[in-house]
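Novice:
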Amino acid sequence: MSSDSGFLVTFNDQEACRDESLEFITIHHPIMRAIKRFYDENKQQIHTTSQFRLRGNSKYQGKYLFYIYLLEKTALKKDLILIPILVNLSNNKVHIVDELSDWFLSEIVKAESPDDESLANYEVEDFEKAFKEAGEYLEMIREEEEQKLRRSNDTLVNNQIESVKQATAIKK
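For the sequence shown, the numbering used here begins at 307 and goes up steadily by one.
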């Protein structure tokens with residue numbers, strides 16, 4: 307997969323269904339498999355963080371921390387969901403499903419190695435603040451997913467109860 311102009315990606319299956327122009331990324335996507343294969347073969351190059359530079363729209367200029375969380379949902383089946391969270395390093399503003407995060411996800415395929423002057427320098431405290439902000443948003447997303455599962459489960463249980471009631475009424 308390659309495109310000179312980039313392409314929009316999403317980690318959300320419902321968004322991908324609504325908009326066919328989005329590339330749906332799951333843990334089993336070829337991009338993720340290629341990343342895993344690279345690091346399986348290059349274990350000495352594994353880093354918990356890395357830096358890259360994106361060129362383009364100057365209104366998005368800044369230094370950001372990009373987190374990708376893996377959320378596991380277990381119900382009738384087990385689902386793994388990748389959740390991207392972008393945090394502005396200067397003001398800790400979190401970007402999820404907004405214009406900036408859409409631009410970022412579409413441009414990431416054109417990322418370049420940063421030169422010395424564009425390296426992001428930050429203190430541990432800055433990282434910890436951004437990590438805390440991202441974690442709070444992740445917790446909100448997790449709670450939303452739990453509520454969806456609860457509603458779905460309640461619907462299944464109520465449908466089953468109604469089915470039993472109807473079957474009992476028919477037998478009488």
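Built from N, CA and C at the ideal position, the CB exists for glycine as well. Only a predicted model underlies this, so the values are computations on that prediction, with no experimental measurement involved.
Who are the Cβ neighbours of Ile-387 in its own chain at under 6 angstroms, not counting the five residues just before and after it?
Specialist: Against the sequence shown, residue 387 aligns to sequence position 81. Only Leu-377 meet the Cβ criterion.
Novice: Within the segment 385-414, note down every full alpha helix (DSSP H) run reaching 4 residues or more, in order along the chain.
Specialist: DSSP runs (the alpha helix (DSSP H)) wholly in the segment 385-414: 405-413.
Novice: I need the DSSP call for Arg-361, collapsed to helix, strand or coil.
Specialist: By one-based count along the sequence shown, residue 361 stands at place 55. Three-state DSSP puts Arg-361 in coil, outside helix and strand.
Novice: By the DSSP assignment, the beta strand (DSSP E) with Phe-372 in it spans what residues?
Specialist: Numbered from 1 along the sequence shown, position 66 holds the residue referred to as residue 372. Run containing Phe-372: 370-380, per the beta strand (DSSP E) assignment.
Novice: Please state whether DSSP places Gln-466 in a helix, a strand or coil.
Specialist: On the sequence shown, position 160 is the one that residue 466 refers to. If DSSP states are grouped into helix, strand and coil, Gln-466 belongs with the helices.
Novice: For the alpha helix (DSSP H) containing Lys-342, name the first residue and the last one.
Specialist: Residue mapping note: residue 342 aligns to position 36 of the sequence shown, counting from 1. Segment 336-347, the alpha helix (DSSP H) holding Lys-342.
Novice: Does DSSP classify Phe-330 as helix, strand or coil?
Specialist: Taking the sequence shown and counting its residues from 1, the one referred to as residue 330 is at position 24. Phe-330 falls in the strand class under three-state DSSP.
Novice: With H, G and I counted as helix, E and B as strand and the rest as coil, what does DSSP make of Tyr-428?
Specialist: As a first step, residue 428 must be located in the sequence shown, where it is residue number 122. The answer is coil: DSSP assigns Tyr-428 none of H, G, I, E or B.
Novice: Around the C-beta of His-334, are 16 or more other C-beta atoms found within 10 angstroms, so that it is buried, or is it exposed?
Specialist: Taking the first residue of the sequence shown as position 1, residue 334 is located at position 28. His-334 comes out exposed.
Novice: Cβ atoms of Leu-444 and Tyr-345: under 7 angstroms apart, would you say?
Specialist: Along the sequence shown, one-based indexing puts residue 345 at 39. Along the sequence shown, one-based indexing puts residue 444 at 138. No. Outside cutoff.
Novice: Taking Ala-381 as the reference, give the member of Glu-439, Leu-462, Val-470 with the closest Cα.
Specialist: The sequence position of residue 381 within the sequence shown is 75, counting from 1. It is Leu-462 whose Cα lies nearest to the Cα of Ala-381.
Novice: Alpha carbon to alpha carbon, what distance is there between Gln-453 and Ala-322?
Specialist: For the purposes of this step, residue 322 is taken as residue 16 along the sequence shown, with counting starting at 1. For the purposes of this step, residue 453 is taken as residue 147 along the sequence shown, with counting starting at 1. Distance between the alpha carbons of Ala-322 and Gln-453 is about 21 angstroms.
Novice: Tell me where the alpha helix (DSSP H) around Ala-417 begins and ends.
Specialist: As a first step, residue 417 must be located in the sequence shown, where it is residue number 111. No alpha helix (DSSP H) contains Ala-417, which DSSP labels as neither H nor E.
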